[in-house]
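Undergrad:
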Amino acid sequence: MLAATAVRLDADDPLSGLRVGDHPDPEPREGWTTVRLRAASLNHHDLWSLRGVGLSAERLPMVLGCDGAGIDEDGNEVVVHAVVGDPDFRGDETLDPRRSLLSERYDGTLADRVQVPRRNLVPKPAELTFEEAACLPTAWLTAYRMLFTQAGARPGSTVLVQGAGGGVATALVALGRAAGVRMWVTSRDEAKRARSLELGADQAFESGARLPERVDAVMETVGAATWEHSLKSLTQGGTIVVSGATGGHQAVTDLRRVFFLQLRVLGSTMGTRDELERLVRLMAATGLRPVVDSVLPLEDAADGFRRLAGGDVFGKVVLTRPA
Ligand SMILES: NC(=O)c1ccc[n+]([C@@H]2O[C@H](COP(=O)([O-])OP(=O)(O)OC[C@H]3O[C@@H](n4cnc5c(N)ncnc54)[C@H](OP(=O)(O)O)[C@@H]3O)[C@@H](O)[C@H]2O)c1
0 MLAATAVRLD ADDPLSGLRV GDHPDPEPRE GWTTVRLRAA SLNHHDLWSL
50 RGVGLSAERL PMVLGCDGAG IDEDGNEVVV HAVVGDPDFR GDETLDPRRS
100 LLSERYDGTL ADRVQVPRRN LVPKPAELTF EEAACLPTAW LTAYRMLFTQ
150 AGARPGSTVL VQGAGGGVAT ALVALGRAAG VRMWVTSRDE AKRARSLELG
200 ADQAFESGAR LPERVDAVME TVGAATWEHS LKSLTQGGTI VVSGATGGHQ
250 AVTDLRRVFF LQLRVLGSTM GTRDELERLV RLMAATGLRP VVDSVLPLED
300 AADGFRRLAG GDVFGKVVLT RPA
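Per numbering that gives the first Met the number 0, the very first residue in the sequence shown carries number 0; after that it's consecutive.
In structure tokens form, the structure reads like this:
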């Protein structure tokens with residue numbers, strides 16, 4: 000089958016280890032099922048894998064890709080949940096210490112076919128195209144869990160999103176807007192601030208700007224570069240949810256602010272299969288759709304990776320396979 004695989008790991012030149020070409024079909028596995036993919040989308044995770052973060056040389060060649068949608072063995076249209084846990088683990092699979100994401104231990108979705116545990120399939124509603132559905136399992140699921148599960152954002156509350164242009168950030172703005180949350184964003188870039196307002200942000204500020212009032216929650220994926228501003232922006236008892244650290248992971252925290260204002264600092268990673276199912280239903284019910292930066296055939300995966308690595312994307316890069 001055709002697949003985009005990591006064949007070599009290179010911290011400085013990740014794209015040099017990407018190969019788009021023939022790869023063996025998935026081997027049948029007890030309790031697992033095969034999905035014929037129609038669309039998959041790229042994440043920074045794929046670039047990190049090519050750099051050797053979360054993927055070790057002895058696992059190569061590894062099919063890349065966490066996000067995918069396609070057709071299962073019974074002909075149903077499905078979205079693929081990317082978190083693969085220990086089958087004996089009970090409870091929230093994001094807390095399973097043995098969990099992995101597709102493409103870390105098991106081959107991923109940038110291929111004609113992917114094999115996953117049967118429980119990882121979520122029905123794809125007819126309202127969503129394969130391209131749209133393939134954007135949801137990583138960045139959008141992460142945003143859903145940050146906003147609704149971790150922060151418990153309620154209609155009418157105010158939530159600040161740091162770094163408006165990222166895949167998680169754009170998903171946060173759109174999801175919050177759909178749920179009646181007042182979404183504020185920051186960005187260093189005027190064009191990204193303007194795009195955020197078009198997406199449904201209520202107000203957009205320069206990074207580090209003083210806000211007109213304190214917010215109920217802050218969504219952090221930037222990290223060190225915005226952390227201090229995030230803490231200062233929170234109201235008493237407010238919540239900061241952090242799921243990434245693109246701008247550095249060593250941040251200074253004024254603990255007096257944390258205890259005196261009774262702030263809550265919560266980490267968040269991916270989401271559960273049930274959260275993905277609810278996210279998919281929310282999209283179908285509201286008409287909300289993911290922002291797609293570009294759609295390319297899987298054969299042109301290297302062009303998609305170059306776009307992502309160049310840092311100029313707004314929304315998701317989607318790779319497709321014919322019906
Ligand atoms: N925990 C999880 O499950 C999970 C899931 C998905 C992603 N992530 C992580 O979340 C992070 C965000 O990923 P993403 O793909 O959504 O977005 P991204 O492309 O990594 O960028 C997010 C934003 O970070 C800001 N930024 C980048 N470098 C910066 C710097 N040096 N100083 C200040 N701001 C900077 C930019 O904001 P402006 O240019 O707009 O200012 C950018 O829009 C990544 O670290 C990713 O690994 C985690």
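Backbone N, C-alpha and C fix where the C-beta goes; we use that ideal spot for every residue, glycine too.
Note that the structure is predicted; figures quoted are calculated from it, not measured.
To the nearest angstrom, how far is the alpha carbon of L54 from that of E212?
TA: As a first step, residue 54 is located in the sequence shown; it is residue number 55 there, counting from the start. As a first step, residue 212 is located in the sequence shown; it is residue number 213 there, counting from the start. For L54 and E212, the distance between alpha carbons rounds to 43 angstroms.
Undergrad: Does at least one heavy atom of ligand 1 sit under 7 angstroms from the Cβ of M269?
TA: Your numbering for residue 269 matches position 270 in the sequence shown. Answer for M269: yes, Cβ within range of ligand 1.
Undergrad: Below 7 angstroms CB to CB, which residues in the same chain sit around A224 once its five sequence neighbours on both sides are set aside?
TA: Working through the sequence shown from its first residue, we reach residue 224 at position 225. Here the set comprises G246 and G247.
Undergrad: Inspect the beta-carbon positions of V324 and S293 and report whether they are closer than 8 angstroms.
TA: Lying before the first or after the last residue shown, residue 324 is absent from the chain, which here runs from 0 to 322.
Undergrad: Compute the distance between the beta-carbons of L24 and M61, then report whether it is under 8 angstroms.
TA: One-based indexing of the sequence shown puts residue 24 at position 25. One-based indexing of the sequence shown puts residue 61 at position 62. Rather than Leu, the amino acid found at residue 24 in this sequence is Asp. No, they are not a contact pair.
Undergrad: Taking just the CA atoms, how far does G266 sit from V217?
TA: Here residue 217 is taken as the residue at index 218 of the sequence shown, counted from 1. Here residue 266 is taken as the residue at index 267 of the sequence shown, counted from 1. Cα to Cα, V217 sits roughly 12 angstroms from G266.
Undergrad: For D292, report the span of its beta strand (DSSP E) as first-last.
TA: In the sequence shown, counting from the first residue as 1, residue 292 sits at position 293. Start and end: V291 to P296.
Undergrad: With C-beta atoms as the reference, is A301 less than 8 angstroms away from L36?
TA: The sequence position of residue 301 within the sequence shown is 302, counting from 1. The sequence position of residue 36 within the sequence shown is 37, counting from 1. No, these two residues do not count as a Cβ contact at 8 angstroms.
Undergrad: Alpha carbon to alpha carbon, how far is G64 from N42? Give it in angstroms, no decimals.
TA: In the sequence shown, residue 42 corresponds to position 43, counting from 1. In the sequence shown, residue 64 corresponds to position 65, counting from 1. Taking the straight line from one Cα to the other gives about 8 angstroms.
Undergrad: I'd like to confirm something about G67: is its beta-carbon nearer than 7 angstroms to some heavy atom of ligand 1, or not?
TA: By 1-based counting over the sequence shown, the position of residue 67 is 68. Every heavy atom of ligand 1 is 7 angstroms or more from the Cβ of G67, so no.
Undergrad: Using the rule of at least 16 other Cβ atoms within 10 Å of the residue's Cβ for burial, across every protein chain shown, is E131 buried or exposed?
TA: On the sequence shown, residue 131 is found 132 positions in, with the first residue counted as 1. Under this definition E131 is a buried residue.
Undergrad: For ligand 1, is there any heavy atom lying closer than 7 angstroms to the beta carbon of S335?
TA: The structure shown does not extend to residue 335, since the chain spans only 0 to 322, so no value can be given for it.
Undergrad: From which residue to which residue does the alpha helix (DSSP H) around E205 run?
TA: As a working note, residue 205 is residue 206 in the sequence shown. It is not in any alpha helix (DSSP H) - E205 instead sits in the beta strand (DSSP E) that spans Q202 to E205.
Undergrad: Comparing the CB of G164 with every heavy atom of ligand 1, is any distance shorter than 7 angstroms?
TA: Working through the sequence shown from its first residue, we reach residue 164 at position 165. It does: the Cβ of G164 is within 7 angstroms (strictly closer) of some heavy atom of ligand 1.
Undergrad: Where does G162 fall in DSSP's three states?
TA: Reading the sequence shown from its first residue, position 163 is the one you call residue 162. The answer is coil: DSSP assigns G162 none of H, G, I, E or B.
Undergrad: For S293, is the beta carbon positioned less than 7 angstroms from some heavy atom of ligand 1?
TA: Along the sequence shown, one-based indexing puts residue 293 at 294. For ligand 1, not one heavy atom lies less than 7 angstroms from the Cβ of S293.
Undergrad: In chain order, which continuous runs of the alpha helix (DSSP H) of length 4 or greater are located wholly inside the segment 207 to 251?
TA: Here the runs fully enclosed are 226 to 232.
Undergrad: In angstroms with no decimal places, state the Cα-to-Cα distance between L109 and A39.
TA: One-based indexing of the sequence shown puts residue 109 at position 110. One-based indexing of the sequence shown puts residue 39 at position 40. Answer to the nearest angstrom: the Cα atoms are 6 angstroms apart.
Undergrad: CA-CA distance, T319 and D12?
TA: Looking up residue 319 in the sequence shown gives position 320. Looking up residue 12 in the sequence shown gives position 13. Distance between the alpha carbons of T319 and D12 is about 25 angstroms.
Undergrad: By the 10 Å Cβ neighbour count, where 16 or more other Cβ atoms means buried, how is E57 classified, buried or exposed?
TA: The count along the sequence shown starts at 1 and reaches residue 57 at position 58. So E57 ends up on the exposed side.
Undergrad: To the nearest angstrom, how far is the alpha carbon of A200 from that of A173?
TA: Sequence index remark: in the sequence shown, residue 200 carries index 201 (1-based). Sequence index remark: in the sequence shown, residue 173 carries index 174 (1-based). Cα to Cα, A200 sits roughly 8 angstroms from A173.
Undergrad: Verify whether the separation of the beta carbon atoms of A133 and D66 is less than 8 angstroms.
TA: Numbered from 1 along the sequence shown, position 134 holds the residue referred to as residue 133. Numbered from 1 along the sequence shown, position 67 holds the residue referred to as residue 66. Contact: yes.
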